[in-house]
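Structure first, then comments.
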Amino acid sequence: MQLKTAASCEGKYKSRTGKSRKHIEKAKKHIPCGVESNIRVFEPYPFVARKGEGPYLYDIDGNKMIDYALGYGPLILGHRHPDVVNAVKEQVDRGSMFGSPTEAPTEYVELVKKAMPSIELFRFTNSGCEATMNALRVARGYSGKEKIAKAEGSYHGGYDYMMQSVDIPEDQYQKGKKCQPAVPWGKGLPQCISDLAVIYPFNEWDETEKIIRKNADELAAVICEPVHAGAGCVAPRNNYLKKLRKLTKELGLILIFDEVLTGFRIARGGAQERYDVKPDITCVAKVAGGGYQLGGFGGRKEIMEEIMPSDEGNVYHGGTYNAHAVSVAAGLATLKVLSKPGIYTKLDRTGDRLFNGLDDLAKDRGVDLWVEQVGSLGEIFFTDKEIKTWRDEQDIDGAKWEKWFLNSLAEGVFFGVPHPDGHAFISTTHTDEVVDRSLEIFDGSFKAVAK
Numbered sequence: 000m001q002l003k004t005a006a007s008c009e010g011k012y013k014s015r016t017g018k019s020r021k022h023i024e025k026a027k028k029h030i031p032c033g034v035e036s037n038i039r040v041f042e043p044y045p046f047v048a049r050k051g052e053g054p055y056l057y058d059i060d061g062n063k064m065i066d067y068a069l070g071y072g073p074l075i076l077g078h079r080h081p082d083v084v085n086a087v088k089e090q091v092d093r094g095s096m097f098g099s100p101t102e103a104p105t106e107y108v109e110l111v112k113k114a115m116p117s118i119e120l121f122r123f124t125n126s127g128c129e130a131t132m133n134a135l136r137v138a139r140g141y142s143g144k145e146k147i148a149k150a151e152g153s154y155h156g157g158y159d160y161m162m163q164s165v166d167i168p169e170d171q172y173q174k175g176k177k178c179q180p181a182v183p184w185g186k187g188l189p190q191c192i193s194d195l196a197v198i199y200p201f202n203e204w205d206e207t208e209k210i211i212r213k214n215a216d217e218l219a220a221v222i223c224e225p226v227h228a229g230a231g232c233v234a235p236r237n238n239y240l241k242k243l244r245k246l247t248k249e250l251g252l253i254l255i256f257d258e259v260l261t262g263f264r265i266a267r268g269g270a271q272e273r274y275d276v277k278p279d280i281t282c283v284a285k286v287a288g289g290g291y292q293l294g295g296f297g298g299r300k301e302i303m304e305e306i307m308p309s310d311e312g313n314v315y316h317g318g319t320y321n322a323h324a325v326s327v328a329a330g331l332a333t334l335k336v337l338s339k340p341g342i343y344t345k346l347d348r349t350g351d352r353l354f355n356g357l358d359d360l361a362k363d364r365g366v367d368l369w370v371e372q373v374g375s376l377g378e379i380f381f382t383d384k385e386i387k388t389w390r391d392e393q394d395i396d397g398a399k400w401e402k403w404f405l406n407s408l409a410e411g412v413f414f415g416v417p418h419p420d421g422h423a424f425i426s427t428t429h430t431d432e433v434v435d436r437s438l439e440i441f442d443g444s445f446k447a448v449a450k
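Residue numbers (numbering that gives the first Met the number 0): 0 to 450.
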C-alpha cells in the first residue's frame, strides 16, 4: 500500500528532507521508483540514508533518526557493532572469495546447531528468499510430490512459487471467508505455478486442519512463518504450532519453519525454541548474517542428504556466493555475541518497554490500537479489534497509521517497515533512554492522529 499522507505531516517531512527528495527524483531516471526494492517505496518519497551508528540512522540532509527498521531485521546488534566491523575488516584483508571451502562456515554451523537442535545438516544461501526456495526443492525431492501449503498473507521471498496470496487485490478478495484459493501476487506469475500452492489460514486451526488433510496426498511440505510476520507481527494462538506439528507428523508431511525473521531474534533458537516446536527444515537469514548477505536452510539428516550426489540423481543446490567469506565472518561474529548470557532477556525487556509504552500512550490519547509483540519483534495496528489472523488486518485504519508514521519520521523515529502491515525491531543498542525518547515522539504522533 503506498502512503497518501496527511498534508501537515507531509509538509513537515518535506521541509526536513529536501536533499533526499532531489536524490530520489534523480534516481527515478535510472532505477524503477528510485529504490532498489519495492518495500522501500512510500509517499511522498523515502529518505536517503548516509550512515548508521548503534540505534541511529543519519540521512543525507543531516537528520538523526532512532531506527526501528534495522535494515528490515538483520541488525540485532545495531549499526556498526565493533565485533562485526572488526571481523569483516580482518576477513577482507585475507580475501573475500576463494572458490574452495574455508574453516569459518563449519564453525558457524556448529553455533547454528547448538541454537537449533532440529538442524542436523545445513547449507548456506545468500538470502532468506534463496533459503526457502531451496528448502522447498529439497522437500519436493524427498517427498516426490509437488504442492506446497503456505499461509494466506505470508511472505517467503520474491519467487514465483511463494508469491501467492501474499496480498489479494480488492476485486478478488472474498470477504466473509477464513481463506480462499491461491491468488498470484502481481503480474508475471504463471497460473500453473499458482495451481501448486495450497493456501491455509494462520491461527484458524479448524480450517487449517481441514485444508491440509484434504490435500495431504499431493503436498510435499507445509511452510509456515511461526510468527506471522507477513501480517506485520501476529503471534501463534492456542498452541497453533504444536497442532500443526502433530498434524504434519501424522500425515507424513515435511514441516518447514521460515525463521528468516524470527531466527536468532525472538530467542537464540528462534520461534522453535520460544514455542518448543521442532520443524523438519528451518530457513534462516537476516540476523543470521549480521547485516551481510547470508541465509541458509537445514534440518533432518535424511532430508538434507537429498542434496548429496548419487547415482539415482539428487536435488541440486549451488551458488557462487554461498558462504561468502565476508558474510560468514559477519554472521559468525553476530552469533558469538548473541551466545552471551542475558542478551535475549535484555532484548525482551526493551521490547516490553517500547510496545507497552505505545499501548499506554494510545489509551491515554484515546486512539484505538492493537499491539502485537514477540520479544524484540512487534507491530501496532490502528484498530479496536484483536489482530490474530491476516484477514483481521484487512480492516485496520491505514490512514491513521500513515499520519502517525510520517509524523514520527519527521520528528526523528523510523518505525520499521514503512507500511501499515509492516513490523518494527529492537536492537541491543536501544537503551531505556533511547526508547523513552522514542515514546515522547510517538506521543506527539498519537496527538496528531487523535485530532
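Using N, Cα and C, we set each Cβ at its ideal position, and we do this for glycine too.
Neighbour-count burial assignment, residue i, 16 or more Cβ in a 10 Å radius
i, result
"Asp401", "Here residue 401 turns out to be Glu, not Asp, going by the sequence shown. By the 10 Å Cβ count, Glu401 comes out buried."
"Gly350", "buried"
"Lys149", "buried"
"Gly98", "exposed"
"Gly72", "buried"
"Pro225", "buried"
"Cys191", "exposed"
"Glu272", "buried"
"Met307", "exposed"
"Gly289", "buried"
"Met0", "In this prediction, Met0 has a pLDDT of 35, which is less than 50 and means its spatial position is unreliable; what the coordinates show is noted afterwards. Classification for Met0: exposed."
"Gly143", "exposed"
"Gly61", "exposed"
"Val91", "exposed"
"Thr319", "exposed"
"Ser193", "buried"
"Lys28", "exposed"
"Gly341", "exposed"
"Gly330", "buried"
"Leu2", "Unreliable placement is indicated for Leu2, whose pLDDT of 42 sits below 50; the coordinate value is still reported in the next sentence. Its Cβ being crowded by 16 or more others within 10 Å, Leu2 is buried."
"Gly297", "buried"
"Arg93", "exposed"
C-beta atoms of residue i and residue j nearer than 7 Å
i, j, result
"Val314", "Gly140", "yes"
"Ala449", "Val366", "yes"
"Arg79", "Glu52", "yes"
"Arg264", "Ser375", "yes"
"Asp58", "Phe41", "no"
"Leu218", "Lys146", "yes"
"Ala361", "Leu368", "yes"
"Asp159", "Leu188", "yes"
"Thr428", "Gly77", "yes"
"Phe414", "Asp396", "no"
"Cys282", "Thr131", "yes"
"His418", "Glu378", "no"
"Glu119", "Arg236", "no"
"Ser444", "Trp403", "yes"
Residue range of the unbroken alpha helix (DSSP H) whose run includes residue i
i, result
"Thr319", "Per DSSP, Thr319 belongs to no alpha helix (DSSP H) and is neither H nor E."
"Ile59", "From DSSP, Ile59 is part of no alpha helix (DSSP H); its letter is neither H nor E."
"Trp400", "397-410"
"Gly295", "Gly295 -> not in any alpha helix (DSSP H); beta strand (DSSP E) instead, spanning 294-298."
"Glu249", "239-250"
"Lys285", "Careful: Lys285 lies outside any alpha helix (DSSP H) and carries neither H nor E."
"Ile38", "Where Ile38 is concerned, there is no enclosing alpha helix (DSSP H), given that its DSSP letter is neither H nor E."
"Ile342", "342-363"
"Leu254", "It is not in any alpha helix (DSSP H) - Leu254 instead sits in the beta strand (DSSP E) that spans 253-257."
"Arg136", "127-142"
Residue i CB to nearest heavy atom of the ligand ATP below 6 Å
i, result
"Val259", "Absent from the structure shown: the ligand ATP. Ligands present: none."
Span of the beta strand (DSSP E) around residue i
i, result
"Arg436", "Run containing Arg436: none in the beta strand (DSSP E); it sits in the alpha helix (DSSP H), 431-449."
"Arg122", "120-124"
"Glu378", "376-380"
"Val276", "No beta strand (DSSP E) holds Val276; DSSP gives it neither H nor E."
"Arg49", "48-52"
"Glu371", "369-373"
"Ile30", "No beta strand (DSSP E) contains Ile30, which DSSP labels as neither H nor E."
"Ala150", "146-150"
Test: residue i CB closer than 7 Å to a CB of chain D
i, result
"Gly443", "In summary, chain D is missing from the structure at hand, where a single protein chain is found."
If we require 4 or more residues per run, which alpha helix (DSSP H) segments fall completely within the segment 76-108? 81-93
Validate contact between the segment 405-416 and the segment 165-172 using beta carbons, cut 8 Å, 3 pairs: no
Could I get the ranges of all uninterrupted beta strand (DSSP E) runs contained in the segment 180-234, with 3 residues as the minimum, in chain order? 196-199, 218-223
When the Cβ atoms of the segment 245-258 are set against those of the segment 199-215, are three or more pairs found closer than 8 Å? yes
Is there contact here, the segment 316-328 with the segment 284-304, by at least three beta-carbon pairs under 8 Å? yes
Can you find at least 3 beta carbon pairs, one from the segment 226-234 and one from the segment 385-393, that sit closer than 8 Å? yes
Does the count of Cβ pairs from the segment 335-351 and the segment 418-435 closer than 8 Å reach three? yes
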